[in-house]
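Novice: Anchor point for the sequence shown: position 133 equals 133 in UniProt numbering, and the numbering is continuous, going up by one each time.
Think of the CB as a built atom: it goes at the ideal place given N, C-alpha and C, for glycine as much as any other residue.
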Amino acid sequence: MKATTAAITVVLLCFAIARASGYFMPSRCPYGCSSCSYSRCFRCSSGFFLHKTACLSQCPSGYFGLSAYGISICAECRVSGCRTCTTRDNCLECSSGYLDTTSSSPMCSYTCPKGTYKSSTFGGKRCIACSTPNCAQCYSSTSCSECKPAFYKYYPSVLAEVQCVSECPVGYTVDFSYGSRSCTKCGVEGCTRCYSSSARDKCFGCEPGKFVLEQTSCVSRCPEGYEEKPLSGEMYCSKIPTTTIPTPAAPSSATTEEQA
């Protein structure tokens, strides 16, 4: 009985020593594995991560290293198409295409959604939000090509960046040509109101102190033959009607004979 107990003790001791040495009967565990059954690893050594049944020093694409309660594993990224992530939902780089981080649920896509543009300046391909307020589509941070509905593209000056405005400023009219929704400057100098791009050379309102003349110019004084006249809140040069004096009718032959 004593011999049997001693034998069992020796076996258990040998098993503990073998296990501590990286062995799990009947063969040695693979490199980096601290607990295994044949070639299947259940726990990895320090600095290694368990991926399926193997221990790796670095997790493969689409996975990240996660350590908890003394166990280190390769956890899968939740973002579809993600190649590198730091947590399940924090994707850093896509396997292909661009990463959109502007939405509440980051995703990898070949095409960036409206309101963003493709950029490779952040160490990986990203969809970056347009910086122009109310811009629906852009090709860089400030190059807005399309504004949101109910907004119009407006260039304050030749070198200024485009703005998206809800109403064109004074002296501009909305241009809808070629599908564009932009503010185009009125073609008449000093004009503050012109109605459409197709008729932008026709003015319906001038700067303070000036008068609309024939809808083609703004003048500070109406020329001869015109009078100043208000119309629809604007001042116009209205043509003075020509006064005609009626010509007396010629006497009839009967009247002439009676007078004779």
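1) Between N90, S67, S238, which has its C-alpha nearest T101's C-alpha?
2) Among E224, Y172, C138, which one has its Cα closest to the Cα of F204?
3) Quick one: grab the DSSP three-state call for G65.
4) Measure the CB-CB distance between S57 and F64 and report whether it falls below 8 Å.
5) Would you call P169 buried or exposed, if buried means 16 or more other Cβ atoms sit within 10 Å of its Cβ?
6) Following the continuous beta strand (DSSP E) through D100, name the residue where it begins and the one where it ends.
7) If we ignore side chains and look at the alpha-carbon of each, how far apart do C191 and E207 end up?
8) For G115, which of helix, strand or coil comes out of DSSP?
9) Do V79 and P113 have their beta-carbon atoms positioned less than 8 Å apart in this structure?
10) Would you mind giving the Cβ-Cβ distance between L99 and C85, rounded to the nearest angstrom? I have them listed as a contact below 8 Å.
11) Return the chain-ordered list of same chain residues with a C-beta closer than 7 Å to the C-beta of A68, the five sequence neighbours on each side being excluded.
Specialist: With the given structure in hand:
1) Numbered from 1 along the sequence shown, position 101 holds the residue referred to as residue 101. Put simply, of N90, S67, S238 the residue whose alpha carbon is nearest the alpha carbon of T101 is N90.
2) Taking the first residue of the sequence shown as position 1, residue 204 is located at position 204. If you compare the alpha carbons of E224, Y172, C138 with that of F204, the shortest gap goes to Y172.
3) For the purposes of this step, residue 65 is identified with residue 65 of the sequence shown, where counting begins at 1. In this structure, G65 counts as strand in the three-state DSSP scheme.
4) Locating residue 57 in the sequence shown gives position 57, counting from the first residue. Locating residue 64 in the sequence shown gives position 64, counting from the first residue. Contact: no.
5) Against the sequence shown, residue 169 aligns to sequence position 169. With fewer than 16 Cβ atoms within 10 Å of its Cβ, P169 is classed as exposed.
6) Along the sequence shown, read from residue 1 onward, the residue named residue 100 stands at position 100. Taken as a continuous stretch (DSSP letters only), the beta strand (DSSP E) holding D100 covers 98-100.
7) Taking the first residue of the sequence shown as 1, we reach residue 191 at position 191. Taking the first residue of the sequence shown as 1, we reach residue 207 at position 207. Distance between the alpha carbons of C191 and E207: 6 Å.
8) Within the sequence shown, numbered from 1, the residue matching residue 115 stands at position 115. Look at G115 here: in three-state DSSP terms it is coil, with no helix or strand label.
9) Counting from 1 along the sequence shown, the entry for residue 113 is found at position 113. Counting from 1 along the sequence shown, the entry for residue 79 is found at position 79. Not in contact: P113 and V79 (Cβ atoms no closer than 8 Å).
10) As a working note, residue 99 is residue 99 in the sequence shown. As a working note, residue 85 is residue 85 in the sequence shown. In this structure L99 does not touch C85 by the C-beta definition: roughly 10 Å separates them, more than the 8 Å allowed.
11) In the sequence shown, the residue the question calls residue 68 occupies position 68. If the five residues before and after A68 are omitted, its C-beta is found closer than 7 Å to no C-beta atom of its own chain.
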